[in-house]
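Structure, as structure tokens:
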Amino acid sequence: MLKISIDINGRTEMERAIRVLGDNGPKAMGKALWNEGTRIMERAKDLAPVDTGALKNSGIVDLPIISGSDVAVKMGFGGSASAYAEVQHEELSYYHKSPTQAKYLEQPLREASEDMGFRLAKELWDELQ
Numbered sequence: 070m071l072k073i074s075i076d077i078n079g080r081t082e083m084e085r086a087i088r089v090l091g092d093n094g095p096k097a098m099g100k101a102l103w104n105e106g107t108r109i110m111e112r113a114k115d116l117a118p119v120d121t122g123a124l125k126n127s128g129i130v131d132l133p134i135i136s137g138s139d140v141a142v143k144m145g146f147g148g149s150a151s152a153y154a155e156v157q158h159e160e161l162s163y164y165h166k167s168p169t170q171a172k173y174l175e176q177p178l179r180e181a182s183e184d185m186g187f188r189l190a191k192e193l194w195d196e197l198q
């Protein structure tokens with residue numbers, strides 16, 4: 070399984086909103102993370118290499134996992150074709166017809182991280198309305 074680490078801009082605003090939400094914070098964060106993951110996945114599917122369409126169609130965003138105050142949303146490509154998905158993602162020498170490319174998940178995730186915390190914070194504040 071491929072793991073990608075990112076730094077999130079806007080983290081302070083996001084953490085403040087979670088504190089204000091109190092006990093409702095983790096559930097609201099789960100919803101916001103799932104929405105963010107879905108946006109990223111839509112962009113990733115646009116970039117995913119297409120031969121039969123199986124890889125593109127294998128992109129998923131799982132429901133949030135909440136454990137106390139920890140919240141996670143897992144997303145990825147592959148399913149039964151996970152080995153193929155990882156090779157297509159990591160091998161930079163393969164030819165891809167535009168707009169598809171290698172790093173089809175990593176690039177949208179890194180782009181989203183530039184202001185992800187601010188978007189998540191906005192969704193969390195919206196929960197208070």
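The working numbering applies: residue 70 is where the sequence shown begins, and numbers increase by one.
A virtual CB, placed ideally from N, CA and C, is assigned to each residue, including glycine.
Owing to the predicted nature of the structure, the values given are computational and were not obtained by experimental measurement.
Q | Three-state secondary structure assigned by DSSP to V156 | A | Against the sequence shown, residue 156 aligns to sequence position 87. In the three-state DSSP reduction, V156 falls in the helix class (H, G or I).
Q. Apart from the five residues on each side of it in sequence, which residues of its chain come closer than 8 Å, Cβ to Cβ, to L102?
A. Looking up residue 102 in the sequence shown gives position 33. Within the same chain, L102 has close Cβ partners P133, V140, A141, V142, L189.
Q. CA-CA distance, E175 and Q157?
A. Counting from one through the sequence shown, the residue named residue 175 turns up at place 106. Counting from one through the sequence shown, the residue named residue 157 turns up at place 88. Going by the C-alpha atoms only, they are around 12 Å apart.
Q | Through-space distance from R80 to L197, alpha-carbon basis | A | Numbered from 1 along the sequence shown, position 128 holds the residue referred to as residue 197. Numbered from 1 along the sequence shown, position 11 holds the residue referred to as residue 80. Answer to the nearest angstrom: the Cα atoms are 18 Å apart.
Q | 8 Å Cβ cutoff met for R179 and I75 | A | As a position in the sequence shown, residue 179 is number 110, starting the count at 1. As a position in the sequence shown, residue 75 is number 6, starting the count at 1. Closer than 8 Å, so yes.
Q: Would you tell me roughly how many angstroms separate the C-alpha atoms of K125 and H165, rounded to the nearest one?
A: Stepping through the sequence shown from its first residue, residue 125 is reached at position 56. Stepping through the sequence shown from its first residue, residue 165 is reached at position 96. So the two alpha carbons sit approximately 13 Å from each other.
Q. Quick one, which of M83, K72, K114 has its alpha-carbon nearest G186's?
A. If you number the sequence shown from 1, residue 186 lands on position 117. Checking every option, the nearest Cα to that of G186 belongs to M83.
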